[in-house]
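Undergrad: Dropping a structure here in structure tokens format, bear with me for questions.
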Amino acid sequence: MNTSANHNLARPDDDSGPPKLVLAPMEGVIDHVMRGLLTRDGAFDLCVTEFVRITNTLFPASVFHRYCPELAAGGRTRAGTPVHVQLLGADAVLMAENARLAADLGALGIDLNFGCPARTVNRHQGGAVLLEYPERLHRIATTVRSALPGRVPLTAKMRLGFDNTDLALENARALASAGIQWITVHARTRSDGYRPPAYWEWVPRIQAAAGIPVIANGEIWSRADFERCRASTGASGYMLGRGAVARPDLARQIRSATVPAQAGPLTWQQVRPLLRELYDGTVEHTLRTQPRQRAAARVKQWLRYLGSTYPEAAELFHRVKTERSPQRLMQRVAGLSAASNGAHSGALS
Ligand SMILES: Cc1cc2nc3c(=O)[nH]c(=O)nc-3n(C[C@H](O)[C@H](O)[C@H](O)COP(=O)(O)O)c2cc1C
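Under our numbering, the first residue of the sequence shown carries the number 546, and numbering increases by one thereafter.
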């Protein structure tokens, strides 16, 4: 176990070592607009896309560009944080073909999802259900690994099991022996859902069994949580999901433990304008119908997460949650009174 200051969070010199702080994939929450916002301070080493579900086809390039628009910019966010593309599926050959295409399009790494708890996904043998079959995990990882150029890291994200932890170590060994670079462990079973706690004590056991770096994930909402997780896991790295959405500078706060003299925590006044950026970015990049409605839903969703950190966000969410007009919503989010009719007429609320 490594609990001391020598376990520092200094950034690796290049992207080849295991990342220290990773922004979690979160379908429907952390898309590329959100990745851009949450990595802007440079505190994350890596992010991972929402899962691309591989069912029965080799997707066209456009699909990968939709999930990972950063492919057009060298596979990195605006701030330069690398983005890995996550694939979910059960067909080893199709997974490999799609992974190869993503790599050819410039993906800087491929991550395999063995943790998704969704019933539809599990019914089709994708996500966490595969944790029942270590040999299938191994086959998928081996097949994908052999299809990828050596320079492209392959990683996997797993839960502790489907409805118990009996196969946790075997699954980790099955993945490691397939030649993957590191495993991210969301330290709960599929049956645990997202209910606290996360069983961090499994992380060092898995790291010892697998013999490759392990990234610990689950229930890190604050720097204090991080310190406790680090003390009980001594993991190679840490992945932040909902905590990073709720506290957009969580990674920076964690880093400031080892990199002093960083700015203080973000205030609500500093966070509030980011909601506008989320809105504008979503409108700009939504190809489907009703981009403003979708963007407004995203803003409400983020406000809800932010409410657990900022009482002002909770209060604002409460006031705007039934607002149907995207334009009025954004006026209120900007602090312009709901009654005002244009950008210049509002009193600050
Ligand atoms: C809304 C939502 C969407 C998620 N989507 C994904 C996903 O696409 N791929 C994945 O591997 N995990 C996904 N997860 C799991 C998270 O990456 C992470 O493992 C989990 O939230 C625990 O970490 P946290 O406690 O820091 O949030 C999702 C979680 C949530 C809440």
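Positions of the beta carbon are idealized from the N, C-alpha and C atoms, including for glycine.
(1) On a Cα-Cα basis, can you pick out the residue from HIS577, PRO563, GLY562 that is closest to TYR824?
(2) May I ask you to report which of helix, strand or coil DSSP gives LEU682?
(3) Does LEU603 pass the burial test, meaning 16 or more other C-beta atoms within 10 Å, or should it be called exposed?
(4) For TYR783, is the classification buried or exposed, using 16 other Cβ atoms within 10 angstroms of its Cβ as the cut-off for buried?
(5) Do you know how far the Cα of HIS610 is from the Cα of SER722?
(6) If you draw a straight line from the alpha carbon of GLN672 to that of LYS702, how long is it in whole angstroms?
(7) Consider the C-beta atom of TYR739 and the heavy atoms of ligand 1; say whether any pair is separated by less than 7 Å.
(8) Is ARG585 helix, strand or coil by DSSP?
(9) How many whole angstroms separate the CB atoms of ALA791 and TRP813, which I take to be in contact at a CB cut-off of 8 Å?
(10) What number of angstroms, rounded off, separates the C-alpha of ARG787 from the C-alpha of TYR612?
(11) For THR831, which residues from the same chain have a beta carbon less than 8 Å from its beta carbon, with the 5 sequence-adjacent residues on both sides left out?
(12) In whole angstroms, what separates the C-alpha of TRP727 from that of PRO605?
(13) At a Cβ threshold of 8 Å, is CYS613 touching chain D?
(14) Could you check the C-alpha separation between ARG623 and THR584 for me, to the nearest Å?
(15) So, for LEU714: in the same chain, excluding its five sequence neighbours on each side, which residues have a beta-carbon less than 7 Å away from its beta-carbon?
(16) Which same chain residues, not among the five before or five after GLY660, have their C-beta less than 6 Å away from its C-beta?
(17) Please list the terminal residues of the continuous alpha helix (DSSP H) segment that includes PHE659.
(18) Would you tell me roughly how many angstroms separate the C-alpha atoms of ILE575 and PRO614, rounded to the nearest one?
TA: Result, derived from the coordinates:
(1) Taking each of HIS577, PRO563, GLY562 in turn and checking the Cα distance to TYR824, the smallest one comes out for HIS577.
(2) In the structure shown, LEU682 sits in a helix (DSSP, three-state: H, G or I).
(3) With fewer than 16 Cβ atoms within 10 Å of its Cβ, LEU603 is classed as exposed.
(4) Burial call: buried.
(5) Near 31 Å, if we compare the C-alpha coordinates of HIS610 and SER722.
(6) This sequence places Gly at residue 672; Gln is not what is there. Each residue's Cα considered, the two are about 10 Å apart.
(7) Because some heavy atom of ligand 1 lies under 7 Å away, the Cβ of TYR739 counts as near it: yes.
(8) DSSP places ARG585 in the coil class of the three-state scheme, outside both helix and strand.
(9) Not confirmed; about 13 Å, so no contact.
(10) Distance between the alpha carbons of ARG787 and TYR612: 19 Å.
(11) Around THR831: ARG839, ALA840.
(12) One Cα belongs to TRP727, the other to PRO605, and the distance between them is close to 28 Å.
(13) This model lacks chain D altogether, as it is built from one protein chain only.
(14) So the alpha carbons of these two residues sit roughly 8 Å apart.
(15) Hits under 7 Å: ARG750, ILE751, ALA754.
(16) Taking C-beta separations shorter than 6 Å and ignoring five residues to either side along the sequence, the partners of GLY660 in its chain run ALA673, LYS702, MET703, ARG704, HIS731, following chain order.
(17) No alpha helix (DSSP H) contains PHE659, which is instead part of the beta strand (DSSP E) from 655-659.
(18) Roughly 13 Å between the two C-alpha positions.
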